[in-house]
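Once you know that position 203 of the sequence shown is 203 in UniProt numbering, the rest is easy, because the numbers rise by one and skip nothing. Yeah, the Cβ is synthetic: ideal placement off N, Cα and C, and Gly gets one too. Small disclaimer: the values here were computed from a predicted structure and weren't measured.
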Amino acid sequence: MDRFEELQVFVAVIQQGSLASAARFLQRSPPVITRTLNALESRLGTTLIERTTRQMAPTEAGWQLFERAQQILGDYQHALDSAHHSGLQGLLRITAPVPFGRRHIMPLVNAFLQQHPEMQIEVVLSDSYQDLIENGLDIALRIGELQDSSMVARKVGSVRSTLVASPEYLRLAGAPAHPAELQQHTVITSLRHTREWRFAQDLRVRILPRLRVNDIESQLETLRGGQGIGRLLSYQVLDDIRDGKLIRLLPEWEPAPLPVQLVTQRVKNMTPKVRQFWDYALEQLPALPCFTQGKFKADRNS
1 MDRFEELQVF
11 VAVIQQGSLA
21 SAARFLQRSP
31 PVITRTLNAL
41 ESRLGTTLIE
51 RTTRQMAPTE
61 AGWQLFERAQ
71 QILGDYQHAL
81 DSAHHSGLQG
91 LLRITAPVPF
101 GRRHIMPLVN
111 AFLQQHPEMQ
121 IEVVLSDSYQ
131 DLIENGLDIA
141 LRIGELQDSS
151 MVARKVGSVR
161 STLVASPEYL
171 RLAGAPAHPA
181 ELQQHTVITS
191 LRHTREWRFA
201 QDLRVRILPR
211 LRVNDIESQL
221 ETLRGGQGIG
231 RLLSYQVLDD
241 IRDGKLIRLL
251 PEWEPAPLPV
261 QLVTQRVKNM
271 TPKVRQFWDY
281 ALEQLPALPC
291 FTQGKFKADR
301 NS
């Protein structure tokens with residue numbers, strides 16, 4: 001038995017009032033308790049507990065050691081408790097695309113922080129690829145196929161590239177019956193979109209945008225104003241479609257859905273703080289309305 005356990009036995013004997021009671025409390029045999037106490041007294045060269053067949057009482061040296069041992073054992077337990085809870089302290093760094101992050105990751109983060117007030121979180125919203133290792137990030141939300149196959153990924157839903165236009169635009173310009181007819185329409189895109197749009201059945205259509213903007217909300221506002229046809233991800237237009245501000249066009253020609261995945265470097269050896277948010281996000285994200293409600297409900301498990 002090591003010296004730390006000797007202190008545990010000694011303190012238990014005094015607190016429990018007898019060797020037998022200490023043995024039951026520590027779930028050890030009475031002979032082990034007796035040998036441990038005798039060994040401690042022998043090494044210190046002094047009697048710590050006066051023992052008779054009827055009673056026992058600590059000596060002055062025993063009381064002094066008892067008070068000090070209680071403090072040592074208490075400090076040890078406090079250190080264990082701090083180590084156990086330290087995983088829910090400190091900094092967690094997360095990245096996500098700007099529109100998805102604003103709409104869905106930030107509410108998730110805010111709710112998580114309310115549950116864990118000792119945590120700090122940094123959220124990097126960026127539409128450019130953020131390398132987890134290079135940028136010191138713990139978790140990423142990715143839309144589309146992964147560039148790095150070494151990462152651990154869990155799918156939480158899927159989204160589609162969806163054509164939309166306002167009822168006013170369609171009233172004036174008519175609705176395209178085929179993707180090829182988009183060449184006769186006013187098209188509003190983001191700067192990230194290519195000049196060629198791909199559709200189902202490996203169809204490709206050359207696009208000449210009249211307006212290109214680098215901000216999704218500006219693009220949406222232009223589309224709501226009846227200025228043309230745009231192509232956005234389904235989660236970005238779900239509310240507008242539900243409210244009748246935008247109309248979904250040519251859904252039968254939409255390409256295959258894109259996976260939405262939660263990504264991290266490893267799962268097996270996650271720190272508690274990363275594991276806690278990882279599990280929380282995996283529970284909450286699949287229930288988002290953009291994956292479960294409206295016209296895109298069937299796409300969740302595509």
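Which residues mark the beginning and the end of the alpha helix (DSSP H) in which leucine 26 is found? 19 to 26
Going by beta-carbon coordinates alone, are serine 161 and arginine 231 separated by less than 8 Å? yes
Next item on the list: Please say whether threonine 46 and residue 322 have beta carbons closer to each other than 8 Å?
Entry: A query on residue 322 cannot be resolved here, the shown segment of the chain reaching from 1 to 302 and no further.
Query raised in the report: In whole angstroms, what is the alpha-carbon distance linking leucine 48 and glutamine 16?
Result: Rounded to whole angstroms, leucine 48 to glutamine 16 spans 15 Å at the Cα level.
Within the same chain, show all residues whose beta-carbon is closer than 7 Å to that of valine 237, passing over the 5 residues directly before and after it, in chain order. Thr162, Val164 and Leu246
message: Please report the distance separating the alpha-carbon of glutamate 196 from that of serine 234.
response: 19 Å
According to DSSP, leucine 211 sits in a beta bridge with which residue or residues? BP columns for leucine 211 point to Ile188.
**OP:** Can you tell me which of the three DSSP states isoleucine 105 falls into?
**Re:** helix
query = Near aspartate 2, what residues of its chain come up, given a Cβ to Cβ distance below 6 Å and the 5 sequence neighbours on each side ignored?
reply = none
Notebook entry, point to check: Exposed or buried, which one is serine 108 when buried takes at least 16 other CB atoms within 10 Å?
Noted result: Residue identity differs from the one stated: residue 108 is leucine in this sequence, not serine. With 16 or more Cβ atoms within 10 Å of its Cβ, leucine 108 is classed as buried.
*Three-state secondary structure (DSSP) at glutamine 130?*
coil
### Query
Mapping DSSP to helix, strand and coil, what is serine 234?
helix
ask   = What does glutamate 41 pair with, by DSSP beta-bridge criteria?
value = For glutamate 41, which the question treats as bridged, DSSP gives no partner whatsoever.
Go ahead and pull the three-state DSSP assignment for arginine 195. coil
Self-check item: Nearest to isoleucine 229 (by Cα), restricted to the options Asp239, Asp243, Arg212 and Leu19
Solution: Among Asp239, Asp243, Arg212 and Leu19, the Cα nearest to that of isoleucine 229 belongs to Arg212.
#### Entry: Which residues DSSP lists as bridging valine 263, in chain order
Ala140 and Ala153
| request: Just confirm the distance between the C-beta atoms of residue 305 and arginine 198, as a whole number of angstroms; I'd bet it's less than 8 Å. | output: What the structure shows of the chain is the stretch from 1 to 302, and residue 305 is not part of that stretch, so it cannot be assessed.
Check leucine 91 in the structure and name its three-state DSSP category.
DSSP places leucine 91 in the strand class (E or B) of the three-state scheme.
- To the nearest angstrom, report how far apart glutamine 120 and leucine 113 are at their CA atoms. 8 Å
Note to self: Between valine 123 and methionine 106, how many whole angstroms is the CB-CB distance? I'm expecting something under 8 Å.
What the structure shows: The C-beta separation of valine 123 from methionine 106 comes to about 7 Å, placing the pair in contact by the 8 Å criterion.
| task | Would you mind giving the Cβ-Cβ distance between residue 315 and valine 156, rounded to the nearest angstrom? I have them listed as a contact below 8 Å. | result | For residue 315 there is no data in the structure shown, the boundaries of the chain being 1 and 302.
Notebook entry, point to check: According to the neighbour-count rule (16 or more other Cβ atoms, all chains shown, within 10 Å of its Cβ), is residue 342 buried or exposed?
Noted result: Residue 342 falls outside the range modelled here, since the chain spans only 1 to 302, and no answer is possible.
**Request:** Using a threshold of 8 Å, state whether the C-beta atoms of leucine 220 and aspartate 240 are closer than that.
**Result:** yes
*When burial is assigned at 16 or more other CB atoms within 10 Å of the CB, is glycine 101 buried or exposed?*
buried
Note to self: Give me, in chain order, the residues of the same chain whose beta-carbon lies closer than 7 Å to that of arginine 224; leave out the 5 immediate sequence neighbours on both sides.
What the structure shows: Ser166, Asp240, Lys245 and Leu246
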